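Each residue of the sequence shown is one higher than the one before, starting from 0 at the first, in numbering that gives the first Met the number 0.
All C-beta atoms in this analysis are idealised placements derived from N, C-alpha and C, irrespective of residue type, glycine included.
Every value quoted in this text rests on a predicted model; they were computed, and no experiment measured them.
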Amino acid sequence: MKKIFTLAAVACMAWSVNAQTEVWSVANEDGTLKADYVANPDPDKASVVTFTTTNVTGSHVSGPVAGYKDAEELTDGRLLPDVNNTWGNLNTKALSADGSVAPFYYVQGKGNPVNLDKVTFEQVESNSTASGLIYRAVWDAAYYNPDGTAGLPGNGTYVTVASKVNGSMKVNVWINKGSRDVYVVKGSDAKALALGTEVIAAGYVNGANNDVADDSPLKGYPMFQENIAPKGAEGNDAYVVGAGNQASWVYLTFNAVADETYYIFNKNTQIGFGGIEFTPAGQSGISNIIADETLNPDAPMYNVLGQRVSKEYKGIVIQNGKKFINK
Numbered sequence: 000m001k002k003i004f005t006l007a008a009v010a011c012m013a014w015s016v017n018a019q020t021e022v023w024s025v026a027n028e029d030g031t032l033k034a035d036y037v038a039n040p041d042p043d044k045a046s047v048v049t050f051t052t053t054n055v056t057g058s059h060v061s062g063p064v065a066g067y068k069d070a071e072e073l074t075d076g077r078l079l080p081d082v083n084n085t086w087g088n089l090n091t092k093a094l095s096a097d098g099s100v101a102p103f104y105y106v107q108g109k110g111n112p113v114n115l116d117k118v119t120f121e122q123v124e125s126n127s128t129a130s131g132l133i134y135r136a137v138w139d140a141a142y143y144n145p146d147g148t149a150g151l152p153g154n155g156t157y158v159t160v161a162s163k164v165n166g167s168m169k170v171n172v173w174i175n176k177g178s179r180d181v182y183v184v185k186g187s188d189a190k191a192l193a194l195g196t197e198v199i200a201a202g203y204v205n206g207a208n209n210d211v212a213d214d215s216p217l218k219g220y221p222m223f224q225e226n227i228a229p230k231g232a233e234g235n236d237a238y239v240v241g242a243g244n245q246a247s248w249v250y251l252t253f254n255a256v257a258d259e260t261y262y263i264f265n266k267n268t269q270i271g272f273g274g275i276e277f278t279p280a281g282q283s284g285i286s287n288i289i290a291d292e293t294l295n296p297d298a299p300m301y302n303v304l305g306q307r308v309s310k311e312y313k314g315i316v317i318q319n320g321k322k323f324i325n326k
């Protein structure tokens, strides 16, 4: 038996959720890593996990070049690469003691997201060689620049997403501490969207814990923040989530334009990727949402912020991986 509920316009909500929302996660429903995460058997090529929803195509890239091996001589004008195209394990960040807030899953690849064409090699003094000289890689020009002058990364760890239609794109990422710049970049001109205005970061910052009673399951866990401001307004600080001195688990939300490809990555480290949620534009009218009662009726319910709620909770809930209106 199925029930049909009517959902009025909810487009103005911070977290738009309706029957048209499309979701992809690195984790299966049982909390295990998707089988797609297998390294390319050719170590000299990147490992690429591709994913699709009704309107979105995307990729998660790892490797292959993790560095270059110092040497006394260059080979065809370059040093030999140190390659690594493997994937890390599935990481799980608990956000409550009892699972009342759904955990945050993410996976990392290998290698920094750089433009290898801009890596140069310089000869420097060394005590480890007979000649007293050695070649080393110089990476400065290869790292991304928000004005697009360094081009797009073609190596290392990064994510791409593209949609067939306009809509709201939310990308789940883990950012390590250390003032790591995080970028959402348009593929058409290699320029970064502005963090705090064009890209909104919401989520959890390590150490910014819930102010709750000692017996609360949220005690000692990070609190959800709807809009985490960037560290500053200029330079690299304009692309650092929060103070940048703590790890964060965040949702980067931005308006995706049809047929534009967006790149998501950290400047000089491996961003953790958890998945995407896409809501096509114009989905703010009356929608029919179907709740299938053949699914487990006793499965845990969560609200749209991932917080576990009781069966008496009224509003939009997630149960058995489905979103519906609980009346």
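> Rounded C-beta distance between Lys33 and Asn27? I'm assuming under 8 Å.
Replying inline: Counting from 1 along the sequence shown, the entry for residue 33 is found at position 34. Counting from 1 along the sequence shown, the entry for residue 27 is found at position 28. Contact between Lys33 and Asn27 holds: CB atoms are separated by about 6 Å, below the 8 Å threshold.
> With burial defined as no fewer than 16 other Cβ atoms inside 10 Å of the residue's Cβ, what is the status of Ser127: buried or exposed?
Replying inline: On the sequence shown, residue 127 is found 128 positions in, with the first residue counted as 1. It counts as exposed.
>> Distance check for Glu71 and Ser46, CA to CA, integer angstroms please.
In response: For the purposes of this step, residue 46 is taken as the residue at position 47 of the sequence shown. For the purposes of this step, residue 71 is taken as the residue at position 72 of the sequence shown. So the alpha carbons of these two residues sit roughly 30 Å apart.
>> Quick check on this structure: which residue in Tyr312, Lys117, Ser95, Thr159 has the alpha carbon closest to the alpha carbon of Thr51?
In response: Position 52 of the sequence shown, counted from the start, is the residue given in the question as residue 51. Closest by C-alpha distance to Thr51, out of Tyr312, Lys117, Ser95, Thr159, is Thr159.
> Under 8 Å between the Cβ atoms of Ile275 and Val55?
Replying inline: Position 276 of the sequence shown, counted from the first residue, corresponds to residue 275. Position 56 of the sequence shown, counted from the first residue, corresponds to residue 55. Yes; because the gap between Cβ atoms is below 8 Å, this pair is in contact.
>> Count Cβ pairs between the segment 170 to 178 and the segment 59 to 75 that sit closer than 8 Å; are there 3 or more?
In response: Counting Cβ pairs under 8 Å, fewer than three are found: no touch.
>> With a threshold of 7 Å on Cβ separation, who are the neighbours of Asp35 within its own chain once the five nearest residues in sequence on each side are excluded?
In response: By one-based count along the sequence shown, residue 35 stands at place 36. Val48.
> Mind pulling the beta strand (DSSP E) runs of 3 or more residues that sit fully within the segment 123 to 182?
Replying inline: Whole beta strand (DSSP E) segments, 3+ residues: 132 to 137, 157 to 162, 166 to 174.
> Considering Ser95, what are the terminal residues of the beta strand (DSSP E) in which it resides?
Replying inline: Position 96 of the sequence shown, counting from 1, holds the residue named residue 95. No beta strand (DSSP E) holds Ser95; DSSP gives it neither H nor E.
>> Quick check: the Cα distance between Val9 and Gly281, rounded to an integer number of angstroms?
In response: Along the sequence shown, read from residue 1 onward, the residue named residue 9 stands at position 10. Along the sequence shown, read from residue 1 onward, the residue named residue 281 stands at position 282. Only weak support is given to the placement of Val9: the predicted model assigns it a pLDDT of 32, under 50, and the value that follows is read from those uncertain coordinates. Going by the C-alpha atoms only, they are around 11 Å apart.
> Does the distance from the CB of Val123 to the CB of Ala136 come in under 8 Å?
Replying inline: On the sequence shown, position 124 is the one that residue 123 refers to. On the sequence shown, position 137 is the one that residue 136 refers to. Pairing Val123 with Ala136 gives a Cβ-Cβ distance that is not under 8 Å.
> Less than 8 Å separating the beta-carbons of Ala191 and Val184?
Replying inline: Here the question's residue 191 lines up with position 192 in the sequence shown. Here the question's residue 184 lines up with position 185 in the sequence shown. A distance below 8 Å separates the beta carbons of Ala191 and Val184.
> What separation, rounded to the nearest whole angstrom, lies between the Cα atoms of Tyr143 and Glu259?
Replying inline: Walking along the sequence shown from the start, residue 143 turns up at place 144. Walking along the sequence shown from the start, residue 259 turns up at place 260. Taking the straight line from one Cα to the other gives about 19 Å.
> Taking just the CA atoms, how far does Asn171 sit from Val113?
Replying inline: Looking up residue 113 in the sequence shown gives position 114. Looking up residue 171 in the sequence shown gives position 172. A straight-line Cα-Cα distance of about 21 Å links Val113 and Asn171.
> Which stretch, first to last residue, makes up the beta strand (DSSP E) that contains Tyr67?
Replying inline: As a working note, residue 67 is residue 68 in the sequence shown. Here the beta strand (DSSP E) through Tyr67 covers 64 to 67.
> Cβ of Ile102 within 8 Å of Cβ of Phe264?
Replying inline: Residue mapping note: residue 102 aligns to position 103 of the sequence shown, counting from 1. Residue mapping note: residue 264 aligns to position 265 of the sequence shown, counting from 1. Strictly speaking, residue 102 in this sequence is Pro, with Ile absent from that position. No; because the gap between Cβ atoms is not below 8 Å, this pair is not in contact.
> Just to confirm, are Thr156 and Gln107 a CB contact at a threshold of 8 Å?
Replying inline: For the purposes of this step, residue 156 is taken as the residue at position 157 of the sequence shown. For the purposes of this step, residue 107 is taken as the residue at position 108 of the sequence shown. Result yes, Cβ atoms of Thr156 and Gln107 sit closer than 8 Å.
> Using DSSP with H/G/I as helix, E/B as strand and the rest coil, what is Leu32?
Replying inline: Your numbering for residue 32 matches position 33 in the sequence shown. The answer is strand: DSSP assigns Leu32 an E or B state.
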